Structure formats: structure tokens, C-alpha cells
Amino acid sequence: MAAILEAIGATIIGGIFILTMITSIINLHAIGVNVNQQIELVEISEDVVSVIESYLSLVAAGVVDSAIISTQDTSFTYSYADSVGGTRHIVNMAQEDIDDSKQLSVYVDSGTEPELGPFELSDFGVQFTYYDVNDNPNPADSLVRYVQMIMEFQYDTFREDIDKRFVRHRIQIWKYFKNLYL
Amino acid sequence: MTYGQLFLILLAMVLFSTIYLTTYNSLFDQADLAYKGMYLLNGQKIIDKYFQEIEANILGDLLSFDAIQSTYNGRSDSLTVSDLVYHLNITTTPCTVNGVDTTTVTPEFIRVDMSMWAIRPDGDTLWIGMPQHPISKVFVDLYY
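Protein chains in written order, with the numbering used here: chain A, 594 to 775; chain B, 682 to 825.
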């Protein structure tokens with residue numbers, strides 16, 4: 594009888610021990626995947642921001658007047674030309690709500706398909722703040738000289754029940770429109 | 682159950698815990714790298730903002746070259762990005778086209794050096810360009 598009880602006890606203890614090991618391994622895996630996603634997100638957001646900056650460098654290039662068309666908190670529309678007085682193009686950077694999630698897209702010449710994006714953003718989305726030459730925020734469109742852009746990229750979490758947190762990266766850039774200083 | 686068996690179970694638990702802790706520690710190191718990358722990127726963007734500001738001032742002739750030197754030399758600023766305060770120090774030095782110091786009174790080029798630090802949430806200090814090894818850019822006086 595004692596031997597049977599010992600065997601049952603050992604089985605229970607061993608079972609608990611094995612379950613703990615398995616749970617730990619699953620937890621470690623979940624955390625590892627999230628950390629890996631965080632690193633990837635930093636790399637991806639760096640690439641995305643570089644491309645966005647190259648688009649913003651075009652603001653007012655070759656355009657004599659009315660280069661900045663619209664300045665909103667979550668969208669920015671401006672124009673540039675192929676050459677001075679050449680064909681004018683209109684660029685629209687906008688936060689969109691697709692399937693209840695915020696995304697950033699860049700449209701050129703009112704196209705229906707984004708030239709860049711859409712990039713998934715968190716609930717924070719994107720925020721544009723415009724400044725004049727004296728660093729005063731929110732001036733009239735014609736007085737805007739640089740923009741501050743804050744965006745928060747997001748990945749989904751690995752699992753809903755373990756280490757549940759969205760992988761996010763908030764990045765803040767400033768872009769001076771050099772063509773408007775010339 | 683004998684004492685020998687109990688000892689073996691305890692030994693197994695201790696060994697397993699060691700592996701578990703080591704793996705966890707590695708993951709924390711990885712997470713630390715990820716966060717460091719984020720802070721470094723934001724710091725770089727702040728430094729880039731100031732370089733752009735100086736460039737715009739030169740392009741637009743908003744400040745004379747002399748004024749740029751005096752305005753930015755010794756300037757310190759603090760900016761908060763994602764709840765982290767970045768402290769920036771700027772110095773300007775007259776230099777040659779290659780960025781080598783000169784003593785010219787009216788230089789054609791100036792080198793702008795920037796160093797930045799921030800106290801991370803874990804208490805460590807993160808440097809982005811150090812005073813001894815700053816992030817530098819050489820600017821030319823377009824109207825020299």
C-alpha cells in the first residue's frame with residue numbers, strides 16, 4: 594500500500610514539475626518572440642522614416658508659391674515639381690482608419706493606391722505639428738517652414754494570453770523644408 | 682521516498698532553475714538592446730533636427746555665419762521624446778573644409794559638434810555622441 598502511495602505521490606510531483614517546465618518554456622518563447630518583434634519594429638520603422646523623410650525633402654521643390662496645400666493634425670498635403678515651373682505633383686500623407694486600425698499612407702497625385710504604405714500604427718497614430726520660421730506652432734499654411742511628425746508603429750502581440758502587450762515603437766522626427774528657405 | 686531521492690529531486694530543480702534564469706537573463710539582455718536601439722534612434726533624430734535648423738538658417742541667411750557660431754556655441758537644450766528627457770550640448774569650432782580646427786577669425790567653415798545624454802528608465806546613462814567623440818558636421822558660409 595505504501596509503495597502505491599509513494600508511486601502516486603511521485604507521479605503528482607513529477608507531473609507538476611513537468612508542467613512547470615513546459616509553462617516556463619512557452620512563456621520564454623512568447624517573450625522571446627515579442628522581443629524579436631520589437632527589434633524588427635525598430636529596424637522597420639527606421640527604414641520607413643527614412644523613406645518618409647525623403648518624400649518630405651521634396652516639399653516646395655521647383656514650386657514658386659502655394660507649395661503647402663493642407664496642414665492637419667493627422668494629414669499633410671504639399672506639392673513639388675519635376676523642375677522649376679515643371680509638372681506639379683501633389684503628395685498627401687495621411688492617417689487612415691482601415692478595419693478599426695490606424696494606418697499611415699502616402700498618396701501621390703490623388704492616386705487611389707498609396708505610393709507608400711499603408712503602415713500599421715497604434716491607437717496613437719500619427720501627429721503632425723507645423724512651425725513657422727520663429728518656431729511658433731500652427732501658423733498659416735504659407736508660413737510653415739518645418740514639421741514635427743510623431744508616429745507610433747505597432748506589431749500584434751505573440752499570443753493573447755501570454756505576455757499580452759502590443760509591440761510598439763514611437764518615433765519623432767523633424768523636417769525643415771529647405772526649399773522654402775531659399 | 683529516501684533522502685537520496687529527495688536530494689536528486691532538489692538537484693534537478695536547482696539545475697532547471699539555473700537554465701531558466703540564464704535564459705531569462707539573455708532575453709532581458711535582448712530586450713535591453715531593443716530599447717537601446719529605440720532611444721538611440723530618437724536621439725539621432727533630435728541631433729538631426731538641430732543640424733537641419735542650422736542648415737536652414739544658413740540657406741535662408743536668417744543668421745550670419747558669425748551669429749550662428751555665437752548662437753550655437755555652448756548651447757544646451759533638453760527635449761522629451763517618449764517620456765525620456767534628452768540633454769543636448771552643442772559647440773562650434775572654426776575649421777578647415779576637412780573639419781580640422783583653425784584659428785581664423787572669419788572662417789569659411791565651422792564644425793558643429795553635438796553630444797547628448799539621457800537617463801534611461803533603468804537608471805543607466807545613455808550617450809549619443811560623447812563630448813570626447815561628438816557627432817559632427819561641417820558647415821560652409823554660403824555668403825563668404
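Each residue gets a CB set at the ideal place from its N, CA and C atoms; glycine is no exception.
Remember, predicted model here, so these are calculated numbers, not experimental data.
DSSP three-state assignment for residue i, whether helix, strand or coil
i	result
Thr774/B	strand
His622/A	helix
Val635/A	helix
Thr604/A	helix
Glu745/A	strand
Ala674/A	strand
Phe770/A	coil
Tyr723/A	strand
Tyr825/B	coil
Phe820/B	strand
Asp742/B	coil
Phe759/A	coil
Gly685/B	helix
Phe697/B	helix
Phe751/A	coil
Asp658/A	coil
Residue i - partner residues in DSSP beta bridges
i	result
Met797/B	Leu769/B, Ile809/B
Leu697/A	Gln688/A, Phe712/A
Leu721/B	Answer by DSSP bridge pairing: none, since Leu721/B is not bridged.
Thr787/B	None, per the DSSP bridge assignment.
His814/B	His814/B pairs with nothing; no bridge assigned.
Thr761/B	Val766/B
Ile764/A	Met744/A
Thr664/A	Phe669/A
Thr705/B	Before going on, a small fix: residue 705/B reads as Tyr here, not Thr. Looking at the DSSP assignment, Tyr705/B forms no beta bridge with any residue, so it has no partner.
Pro730/A	Tyr724/A
Asp782/B	Cys776/B
Tyr753/B	In DSSP, Tyr753/B forms no bridge with anything.
Arg792/B	Thr774/B, Val819/B
Arg681/A	Ala674/A
Tyr739/A	Tyr724/A, Tyr769/A
Residue closest to residue i, alpha-carbon to alpha-carbon, out of the options
i	options	result
Ala653/A	Pro711/A, Ile611/A, Val628/A, Arg738/A	Arg738/A
Asn627/A	Phe759/A, Trp767/A, Ile764/A	Phe759/A
Ile771/B	Tyr684/B, Lys818/B, Gly804/B	Lys818/B
Phe746/A	Tyr723/A, Asp692/A, Leu621/A, Val641/A	Val641/A
Met744/A	Asn729/A, His762/A, Phe751/A, Ile601/A	His762/A
Gln665/A	Ala596/A, Lys771/A, Pro730/A, Ile764/A	Pro730/A
Asp702/A	Asn685/A, Leu709/A, Ile691/A, Ser715/A	Asn685/A
Val762/B	Lys726/B, Thr774/B, Thr773/B	Lys726/B
Cys776/B	Glu789/B, Leu714/B, Tyr753/B	Glu789/B
Asp764/B	Ile764/A, Lys771/A, Phe770/A, Lys768/A	Ile764/A
Ile683/A	Ser676/A, Ser672/A, Ile691/A, Thr613/A	Ser672/A
Asn629/A	Trp767/A, Phe770/A, Phe751/A, Asn772/A	Phe751/A
Leu736/A	Thr616/A, Thr705/A, Asp658/A	Asp658/A
Ser757/B	Leu692/B, Pro812/B, Leu696/B	Pro812/B
Ile809/B	His768/B, Pro802/B, Asp713/B	His768/B
Ser742/A	Glu706/A, Gly625/A, Ser643/A	Looking at the sequence shown, residue 742/A is not Ser but Met. The residue with the shortest Cα to Cα distance from Met742/A is Ser643/A.
Classification of residue i by the beta-carbon crowding that lies within 10 angstroms, buried from 16 upward
i	result
Ala660/A	buried
Gln686/B	exposed
Ala748/B	exposed
Gln631/A	buried
Ser751/B	exposed
Gln688/A	buried
Ser796/B	buried
Trp609/A	It should be pointed out that residue 609/A corresponds to Ile in this sequence rather than to Trp. With fewer than 16 Cβ atoms within 10 Å of its Cβ, Ile609/A is classed as exposed.
Thr680/A	exposed
Ala693/B	exposed
Any residues in the region 748 to 763 of chain B with a beta carbon nearer than 8 Å to a beta carbon of chain A? Which ones, in chain order?
-> Contacts with chain A (Cβ-Cβ distance below 8 Å) from the region 748 to 763 of chain B involve Val762, Ser763, listed in chain order.
Short-range partners of chain A found in the region 780 to 806 of chain B, where Cβ spacing is below 8 Å | Against chain A - using a Cβ distance shorter than 8 Å - the region 780 to 806 of chain B contributes no residues.
In chain order, what residues of the region 594 to 614 of chain A put their CB closer than 8 Å to some CB of chain B?
-> Listed by position, the residues of the region 594 to 614 of chain A near chain B (Cβ gap below 8 Å) are Glu599, Gly602, Ala603, Ile606, Phe610, Met614.
Got a sec: which bits of the region 615 to 644 of chain A sit with their beta carbon under 7 Å from any beta carbon on chain B, in order along the chain?
-> Under the 7 Å Cβ criterion, the region 615 to 644 of chain A contributes Ser617, Leu621, Ile624, Gly625, Val628, Gln631, Ile632, Val635, Glu639.
For the region 684 to 708 of chain B, which residues have a beta carbon sitting closer than 8 Å to at least one beta carbon of chain A?
-> Contact annotation: in the region 684 to 708 of chain B, residues whose CB is within less than 8 Å of a CB in chain A are Ile690, Ala693, Met694, Phe697, Tyr701, Thr704, Tyr705, Leu708.
Contact list for the region 670 to 685 of chain A against chain B, Cβ threshold 7 Å | Shown here is that no member of the region 670 to 685 of chain A has a Cβ falling below 7 Å from a Cβ of chain B.
Residues in the region 734 to 765 of chain A having any Cβ partner in chain B nearer than 8 Å = Flagged, chain order: Arg738, Tyr739, His762, Arg763, Ile764, Gln765.
Taking only beta carbons into account, state which residues of the region 705 to 731 of chain A come closer than 8 Å to chain B, listed in chain order.
-> The region 705 to 731 of chain A vs chain B, Cβ under 8 Å: Val726.
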